[in-house]
Amino acid sequence: MQKRILLVFLHLTGWHISTCLYRQYHYVTDAKNWTMAQTYCRQRYKDLATIDNMVQMNQLRNIVSSTGNDAEIWIGLYAKIAWMWSDRTTGRGAEYRNWENNTNEPDFYGARETCVSIGEDGGWQDEIWIQEYPFICNNGTQLEPEFVLVDEAMDWGSAQACCSQNFTSLVTVKNDIENQMVQSLVPSGDRAWIGLSRPNWFFWSDQSRFNFGYFDNVANPIDSMKVMCGVLALKSSGKFRFLSCETSLPFVCYNFPPPVKQQIIKLRLNPGSSALDLNDPIVKSEILKKFQLRLNQQGVSFVTLTWREQPHKLVFQKEET
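Here the sequence shown stands for residues -20 to -1, 1 to 301, numbered as in mature numbering (1 follows the signal peptide of the UniProt record, and there is no 0).
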């Protein structure tokens, strides 16, 4: 008597067991500056912590909070500070600054402020670019500037475009005398855009693309720094802020778990009924669900099961015995 048996291949990564790479975070309590923390992480793990989404951020925060730390810790985030004038002035006078004395300007509030305005007292502030102010253009040359007030409120980008189209550029200020001349044009009770700005450059230590900004709405005083380093502030729900890279803090490293090896399992199944088509997509899906449930019951996680198709596009083959 002949009995129909069906042969099936499961790709145990066929059972296809496969895992996505996910980061494992490691909290280090020894306080170090950012560069020393980076070196430590690269020697013992992969790098300082990179965070791509809220799931990872909460994972990292929970790990650190469980140790009792509720302050600030280094992560792999850093920002480059590179001020430039809209007319590309360099050399003598290009480094002149007149930040307001009674505040921590530039304070990079909320990690958003990258453009500069001048007040009627002559003091400068960094501002978010969408703020609308009158602005001052140069209608002369870099060596012989002619300052012109445009008393129409625009955001910084629109002011820059207007000056470029109708004059020379947004104004460059190279010394105290020029600053006093520009100050005299600022409308009473208002501020005005000048031509100083910088790109908002954020980076991760492992060179991953920066695509997750979770910044705290606080000041990040820049002072004269060229680079600022990022911390995760546990008291602010794990939001990011920046400090001097020379500050000594605990930190978090990360690495990846070892990859899961692939294997193939062969199974022989008796469908019980010759009318049952095991190659039917719905039937195959239900079988995989049962296998997946059994794995979960046995505590196996981070697993995906798929069928391994044969060249004829079928998973199951009949055997005659």
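Backbone N, C-alpha and C define an ideal beta-carbon position, used for all residues, glycine too. Computed from a prediction, not measured in an experiment: that's the story for all the values here.
What's the call for residue i, buried or exposed, on a 16-neighbour Cβ count within 10 Å?
i	result
residue 55	buried
residue 53	buried
residue 221	buried
residue -8	Confidence at residue -8 is low in this model, with a pLDDT of 38, below 50, so its placement is unreliable and no value can be given for it.
residue 285	buried
residue -6	For residue -6, the predicted model reports a pLDDT of 35, less than 50, meaning its position is unreliable and no value from the coordinates is stated.
residue 187	exposed
residue 195	buried
residue 132	exposed
residue 106	buried
residue 28	buried
residue 1	Annotation note: pLDDT 48 at residue 1 (below 50); position unreliable, coordinate value reported separately. So residue 1 counts as exposed.
residue 219	buried
residue 256	exposed
residue 295	buried
residue 265	exposed
residue 298	exposed
residue 34	exposed
residue 70	exposed
Residue i lies in the alpha helix (DSSP H); which residues open and close that run?
i	result
residue 225	That residue, residue 225, is in no alpha helix (DSSP H); it is neither H nor E in DSSP.
residue 43	34 to 45
residue 91	That residue, residue 91, is in no alpha helix (DSSP H); it is neither H nor E in DSSP.
residue 63	Per DSSP, residue 63 belongs to no alpha helix (DSSP H) and is neither H nor E.
Going by DSSP, what residue range makes up the beta strand (DSSP E) through residue i?
i	result
residue 79	Taken as a continuous stretch (DSSP letters only), residue 79 belongs to no beta strand (DSSP E), as it is neither H nor E.
residue 181	181 to 184
residue 11	4 to 12
residue 133	127 to 134
residue 116	113 to 118
residue 106	104 to 107
Compare the Cα-Cα distances from residue i to each of the options and report the closest residue.
i	options	result
residue 226	207, 236, 215	207
residue 68	178, 116, 9	178
residue 201	92, 228, 111	92
residue 13	224, 236, 274, 273	224
residue 49	298, 297, 217, 257	217
residue 83	233, 269, 203, 267	203
residue 65	57, 58, 77, 247	77
residue 102	70, 212, 80, 248	80
residue 169	113, 185, 149, 232	113
residue 100	164, 137, 198	164
Round the Cβ separation of residue i and residue j to the nearest angstrom and send it over; I've been treating them as touching at under 8 angstroms.
i	j	result
residue 153	residue 159	5 angstroms
residue 229	residue 11	6 angstroms
residue 61	residue 116	Actually they do not touch by this definition, with Cβ atoms about 24 angstroms apart.
residue 176	residue 96	4 angstroms
residue 184	residue 30	5 angstroms
residue 149	residue 143	5 angstroms
Cβ of residue i versus every heavy atom of the ligand PLP: is any distance shorter than 8 angstroms?
i	result
residue 169	By its list of ligands, the structure shown contains no ligand whatsoever, and the ligand PLP lies outside what it can speak to.
At 3 residues or longer, and completely inside the region 149 to 221: list those beta strand (DSSP E) runs for me, N to C.
Taking only runs of at least 3 residues, the beta strand (DSSP E) segments lying wholly in the region 149 to 221 are 171 to 177, 181 to 184, 207 to 213.
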